[in-house]
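In the working numbering, the protein residues as written are 2 to 335. The C-beta atom is built at its ideal place from N, Cα and C for all residues, glycine as well. Note sheet for the following structure.
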Ligand code: DP6
């Protein structure tokens, strides 16, 4: 059998209702549902080559071998191999055009691209929903990056997790919101999301309240997105972000993902609001701040963010597409 390969591109997403905590860590099933917007500007390109000459799976990220991430990648590849009915090991190359492991959702774009590329390379046809279930097993937020625009990932109830999939709420062209990413540090975060959310579940006294609040937050966000109501979406997103950080900060020891510039940006965004510019912040498990605004205000918001001490750069994005194949051709002889 000759090598079979495929390449896919996927974009990170920003959660507007946050995923934080698992109901089953082994299957990577979330304790809460979540809603996100996929970003157009940032991207990860991942190539997968199943090759009979390989003795084990290989992974390089940004050109460097990465043994730590290989375990999760192999887990996803194992599923693909089981469906395809072969044992071939794979070489995986992943490159992102933004800092990885720094709270910019690199695992979301990377595992969404991996799920699509690996499935295609294995000669399988899968629905987007099935691909989201596959990507979820590498990294939860990756389930959402299979889709463009506004996306919901369902918590699901089943122990086997097949009802924990993502689906699109609104396509990217339906609502051209501005999402500005204020990068305050490119350094990798000290506590990764998986460890941070498990630590939160086990030690934070606010954990039950966080889980109980999720269904109402999801319903309200779904309605606000359906109405394309920036003020409501923004208020709900800010609340979900602060609630997620609050439950994590109350863990023992508490998790603090922010730096001084993160907090300064939060205040700058609220000052903008006082001046009549609807702008809202969201922060994931890292110090970067994502700001939602109307496209007509994007230039003004960007200038304000750039002027905040500690902000290294501002990336101006819009809702973007789901994961796509770059070259789906398999080398002959399969
Ligand atoms: C704060 O998807 O990275 O960005 O499933 O353990 O890989 P794992 O976690 P991950 O967590 C993302 C957490 C978040 C919020 C979100 O994206 O919903």
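task: Give me every residue whose Cβ sits closer than 5 Å to any heavy atom of the ligand DP6, in chain order.
output: 16, 19, 20, 35, 108, 140, 141, 142, 194, 195, 285, 286
task: Measure the alpha-carbon distance for residue 59 versus residue 270 and round it to whole angstroms.
output: Sequence index remark: in the chain shown, residue 59 carries index 58 (1-based). Sequence index remark: in the chain shown, residue 270 carries index 269 (1-based). Those two C-alpha atoms are separated by around 43 Å.
query: Skipping 5 residues on each side, what residues in its chain have a beta carbon closer than 8 Å to that of residue 164?
result: Residue 164 sits at position 163 when you count from the first residue of the chain shown. For residue 164, where only same-chain residues beyond five positions count, the Cβ hits under 8 Å are 155, 157, 158.
- prompt: When the Cα of residue 31 is compared with those of 39, 21, 277, which residue comes out closest?
  reply: Here residue 31 refers to the residue found at position 30 of the chain shown. Of 39, 21, 277, the residue nearest in Cα terms is 21.
message: With three or more C-beta pairs closer than 8 Å as the rule, is the stretch 170 to 182 touching the stretch 48 to 55?
response: no
Residue range of the alpha helix (DSSP H) that includes residue 121: On the chain shown, residue 121 is found 120 positions in, with the first residue counted as 1. From DSSP, the alpha helix (DSSP H) with residue 121 extends over 107 to 122.
query: With respect to the alpha helix (DSSP H) encompassing residue 83, which residues constitute its N-terminal and C-terminal limits?
result: Position 82 of the chain shown holds residue 83. Here the alpha helix (DSSP H) through residue 83 covers 68 to 85.
message: Quick check on residue 211: does DSSP put it in helix, strand or coil?
response: For this step, residue 211 is matched to residue 210 along the chain shown. Three-state result, residue 211: helix.
task: Use the C-beta contact count for residue 246: other C-beta atoms within 10 angstroms, 16 or more gives buried, fewer gives exposed.
output: Start at 1 with the first residue of the chain shown, and residue 246 comes out as number 245. With 16 or more other Cβ atoms within 10 Å, it is buried.
At least 3 beta-carbon pairs within less than 8 Å: the stretch 144 to 151 vs the stretch 197 to 215: no
task: Determine the contact status of residue 320 and residue 176, defining contact as a CB-CB distance below 8 Å.
output: Along the chain shown, one-based indexing puts residue 320 at 319. Along the chain shown, one-based indexing puts residue 176 at 175. Yes. Within cutoff.
- prompt: Can you name, in chain order, every residue of its own chain whose Cβ lies under 6 Å from the Cβ of residue 28, other than the five neighbours on each side?
  reply: Taking the chain shown and counting its residues from 1, the one referred to as residue 28 is at position 27. Result list for residue 28: 162, in chain order.
- prompt: Helix, strand or coil: how does DSSP classify residue 223 here?
  reply: For this step, residue 223 is matched to residue 222 along the chain shown. Residue state, collapsed to three classes: helix.
task: Run the proximity test for residue 215: is its beta-carbon closer than 7 Å to any non-hydrogen atom belonging to the ligand MN?
output: Among the ligands present in this structure, namely the ligand DP6, the ligand MN is not found.
- request: Starting from the C-beta of residue 310, find all residues in its chain whose C-beta is less than 7 Å away, skip the five residues before and the five after it, and write them out in chain order.
  value: Residue mapping note: residue 310 aligns to position 309 of the chain shown, counting from 1. Same-chain partners within the cutoff: 262, 265.
message: What does the Cβ neighbour count give for residue 335, buried or exposed, with the cut at 16 atoms within 10 Å?
response: Here residue 335 corresponds to residue number 334 of the chain shown, with the count starting at 1. Low per-residue confidence applies at residue 335: pLDDT is 29, beneath 50, and the placement is therefore not dependable, though the value from the model is reported in the following sentence. That one is exposed.
field: Sequence-distant residues of its chain with Cβ nearer than 6 Å to residue 323 (five each side left out)
entry: Against the chain shown, residue 323 aligns to sequence position 322. Within the same chain, residue 323 has close Cβ partners 147, 148, 149.
query: In this structure, what does DSSP give as the bridge partners for residue 320?
result: Walking along the chain shown from the start, residue 320 turns up at place 319. For residue 320, which the question treats as bridged, DSSP gives the partners 40.
query: Secondary structure at residue 203, three-state DSSP: helix, strand or coil?
result: The residue labelled residue 203 in the question sits at position 202 within the chain shown. DSSP places residue 203 in helix when its eight states are reduced to three.
query: What's the C-alpha gap between residue 292 and residue 86?
result: By 1-based counting over the chain shown, the position of residue 292 is 291. By 1-based counting over the chain shown, the position of residue 86 is 85. Roughly 45 Å separates the two Cα atoms.
message: Per the DSSP calculation, residue 314 is bridged to which residue(s)?
response: Translated into the one-based positions of the chain shown, residue 314 becomes position 313. The partner list for residue 314 (beta bridge, DSSP) reads 184.
- prompt: First and last residue of the alpha helix (DSSP H) that includes residue 304?
  reply: The residue given as residue 304 occupies position 303 in the chain shown. Residue 304 -> alpha helix (DSSP H) spans 299 to 307.
- prompt: According to the Cβ coordinates, are residue 49 and residue 132 closer than 8 Å?
  reply: Within the chain shown, numbered from 1, the residue matching residue 49 stands at position 48. Within the chain shown, numbered from 1, the residue matching residue 132 stands at position 131. Their beta carbons are not under 8 Å apart, which means residue 49 does not touch residue 132 by this criterion.
message: Residues in the same chain with beta-carbon distance under 6 Å from residue 97, minus the five sequence neighbours each way, listed in chain order, please.
response: In the chain shown, residue 97 corresponds to position 96, counting from 1. Taken in chain order, the residues that qualify are 45, 107.
query: Residue range of the alpha helix (DSSP H) that residue 140 falls in?
result: As a first step, residue 140 must be located in the chain shown, where it is residue number 139. No alpha helix (DSSP H) holds residue 140; DSSP gives it neither H nor E.
query: What are the start and end residues of the beta strand (DSSP E) that includes residue 95?
result: For the purposes of this step, residue 95 is taken as the residue at position 94 of the chain shown. First-last of the beta strand (DSSP E) with residue 95: 91 to 97.
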